[in-house]
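K.L.:
Under my numbering, the sequence shown is numbered contiguously, ending at residue 504. Built from N, CA and C at the ideal position, the CB exists for glycine as well. Questions regarding the structure given below will be posed in turn.
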Amino acid sequence: MRPMYLDFDPANVDPDGICENQTTAGAADLVLNGALCDLGTAARFDIADAGYSSDCAGVRIAIDSAGDINTVVFTVTGKDADGKATTETITGVTTTAIEGTTYWSQITSIAADAEVTSNVFVGPVDEVVSKTIPLDIYLPYPPTIQTIVTGTINYDIEVTNNDITTNTGQASFTWVNEGNFTGKTTAVYDDLALPGYRAMRVVINSYTNTAELQVNATFPY
Numbered sequence: 284m285r286p287m288y289l290d291f292d293p294a295n296v297d298p299d300g301i302c303e304n305q306t307t308a309g310a311a312d313l314v315l316n317g318a319l320c321d322l323g324t325a326a327r328f329d330i331a332d333a334g335y336s337s338d339c340a341g342v343r344i345a346i347d348s349a350g351d352i353n354t355v356v357f358t359v360t361g362k363d364a365d366g367k368a369t370t371e372t373i374t375g376v377t378t379t380a381i382e383g384t385t386y387w388s389q390i391t392s393i394a395a396d397a398e399v400t401s402n403v404f405v406g407p408v409d410e411v412v413s414k415t416i417p418l419d420i421y422l423p424y425p426p427t428i429q430t431i432v433t434g435t436i437n438y439d440i441e442v443t444n445n446d447i448t449t450n451t452g453q454a455s456f457t458w459v460n461e462g463n464f465t466g467k468t469t470a471v472y473d474d475l476a477l478p479g480y481r482a483m484r485v486v487i488n489s490y491t492n493t494a495e496l497q498v499n500a501t502f503p504y
């Protein structure tokens, strides 16, 4: 396999970058009117247009509200980090932000199933992921990974032995933390703990604005 170079330069966190403060009169779609939705196709969030480097394939979002609207269920529709169509429901919005679990590359709608009586807003958080990266399960030795960290950032490399050719998207695979690259905050030069994984992904668990991460991988042959 060829050497691999990934560059993660995530955008600054913008809590209302997808939806600015709004209410609804009943069950309705929120208006995707945040600043990050004005950078490409109107009324749509695309990570590629929102100031993230190209290897940032997906980002998690949070829904927040000035008041308690925990009976409202929000259905988010779009594409995951691998570009696969997906939906997610996020329930229980109170005065504390509620994060989803999907890493979104695109969001086309956020639908509330009931009246939203208190201003609600939506934006990306400081959790970013790469695309699913195929690996050669027949390599006799694991790849060597070198990371470079700028600023404050926490990251993992996760691996899976699921059949990624099913093309069902990242959420359908079982990901586990790679033993030598879990919860890292500084530069690391090491091999993956074991060979034989089908795929890997890089997960940024948190970062401060302007932080960056580079990941270089070399393979036995």
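For Ala-310, which residues from the same chain have a beta carbon less than 7 Å from its beta carbon, with the 5 sequence-adjacent residues on both sides left out?
P.N.:
As a position in the sequence shown, residue 310 is number 27, starting the count at 1. Ala-395, Asp-396, Ala-397, listed in sequence order.
K.L.:
Tell me the DSSP secondary structure of Ser-455 in three-state form.
P.N.:
Along the sequence shown, read from residue 1 onward, the residue named residue 455 stands at position 172. In the structure shown, Ser-455 sits in a helix (DSSP, three-state: H, G or I).
K.L.:
Determine the contact status of Ala-340 and Ala-364, defining contact as a CB-CB distance below 8 Å.
P.N.:
Working through the sequence shown from its first residue, we reach residue 340 at position 57. Working through the sequence shown from its first residue, we reach residue 364 at position 81. It is a contact, given that the beta carbons lie within the stated cut-off.
K.L.:
Please report the Cβ distance between Asn-437 and Thr-468, rounded to the nearest whole angstrom; I am assuming they are in contact, meaning their Cβ atoms lie under 8 Å.
P.N.:
Here residue 437 refers to the residue found at position 154 when the sequence shown is read from its first residue. Here residue 468 refers to the residue found at position 185 when the sequence shown is read from its first residue. Their Cβ separation, rounded to whole angstroms, is 5 Å, which keeps Asn-437 and Thr-468 in contact under 8 Å.
K.L.:
Does DSSP classify Ala-326 as helix, strand or coil?
P.N.:
Working through the sequence shown from its first residue, we reach residue 326 at position 43. In the structure shown, Ala-326 sits in coil (DSSP, three-state: anything other than H, G, I, E or B).
K.L.:
Go ahead and pull the three-state DSSP assignment for Cys-339.
P.N.:
Locating residue 339 in the sequence shown gives position 56, counting from the first residue. If DSSP states are grouped into helix, strand and coil, Cys-339 belongs with coil.
K.L.:
I believe Leu-319 touches Asp-297 by the beta-carbon criterion, under 8 Å. Please report the beta-carbon distance rounded to the nearest angstrom.
P.N.:
By one-based count along the sequence shown, residue 319 stands at place 36. By one-based count along the sequence shown, residue 297 stands at place 14. About 6 Å; that satisfies the 8 Å criterion.
K.L.:
Return helix, strand or coil for Thr-385, following the three-state DSSP convention.
P.N.:
Translated into positions along the sequence shown, residue 385 becomes position 102. Looking at Thr-385 - three-state DSSP - the assignment turns out to be coil, as it is neither helix nor strand.
K.L.:
Taking Ile-440 as the reference, which of Thr-306, Ser-337, Val-459 has the closest Cα?
P.N.:
The sequence position of residue 440 within the sequence shown is 157, counting from 1. With distances taken between Cα atoms, Ile-440 lies closest to Val-459.
K.L.:
Could you check where the beta strand (DSSP E) with Val-498 kicks off and where it finishes?
P.N.:
As a first step, residue 498 must be located in the sequence shown, where it is residue number 215. Segment 495 to 501, the beta strand (DSSP E) holding Val-498.
K.L.:
According to DSSP, what are the bridge partners of Phe-357?
P.N.:
The sequence position of residue 357 within the sequence shown is 74, counting from 1. In DSSP, Phe-357 forms a bridge with Ile-373, Ala-395.
K.L.:
Classify Tyr-472: buried if its beta carbon has 16 or more other beta carbons within 10 angstroms, exposed otherwise.
P.N.:
Here residue 472 refers to the residue found at position 189 of the sequence shown. When all chains shown are included, Tyr-472 counts as exposed.
K.L.:
So, for Gly-375: in the same chain, excluding its five sequence neighbours on each side, which residues have a beta-carbon less than 7 Å away from its beta-carbon?
P.N.:
Residue 375 sits at position 92 when you count from the first residue of the sequence shown. Asn-353, Ile-381, listed in sequence order.
K.L.:
Look up Asp-439 in the DSSP assignment and say whether it is helix, strand or coil.
P.N.:
Within the sequence shown, numbered from 1, the residue matching residue 439 stands at position 156. DSSP places Asp-439 in strand when its eight states are reduced to three.
K.L.:
To the nearest angstrom, report how far apart Thr-448 and Val-442 are at their CA atoms.
P.N.:
Your numbering for residue 448 matches position 165 in the sequence shown. Your numbering for residue 442 matches position 159 in the sequence shown. So the two alpha carbons sit approximately 15 Å from each other.
K.L.:
At which residues does the beta strand (DSSP E) containing Phe-291 begin and terminate?
P.N.:
Here residue 291 refers to the residue found at position 8 of the sequence shown. It spans 287 to 291 - the beta strand (DSSP E) in which Phe-291 sits, taken as one unbroken run.
K.L.:
So, with DSSP's three-state summary, where would you put Ile-352?
P.N.:
Translated into positions along the sequence shown, residue 352 becomes position 69. Ile-352: strand per DSSP, three-state reduction.
K.L.:
Inspect the beta-carbon positions of Thr-306 and Ser-401 and report whether they are closer than 8 Å.
P.N.:
Reading the sequence shown from its first residue, position 23 is the one you call residue 306. Reading the sequence shown from its first residue, position 118 is the one you call residue 401. Contact flag set, yes.
K.L.:
Buried or exposed: which applies to Tyr-240, given that a residue is buried once 16 or more other Cβ atoms fall within 10 Å of its Cβ?
P.N.:
Because the chain here runs from 284 to 504, residue 240 falls outside it and cannot be looked at.
K.L.:
Could you tell me which residues DSSP pairs with Arg-484 in its beta bridges?
P.N.:
Position 201 of the sequence shown, counting from 1, holds the residue named residue 484. DSSP, once it has assigned bridges, lists Glu-441 as partnering Arg-484.
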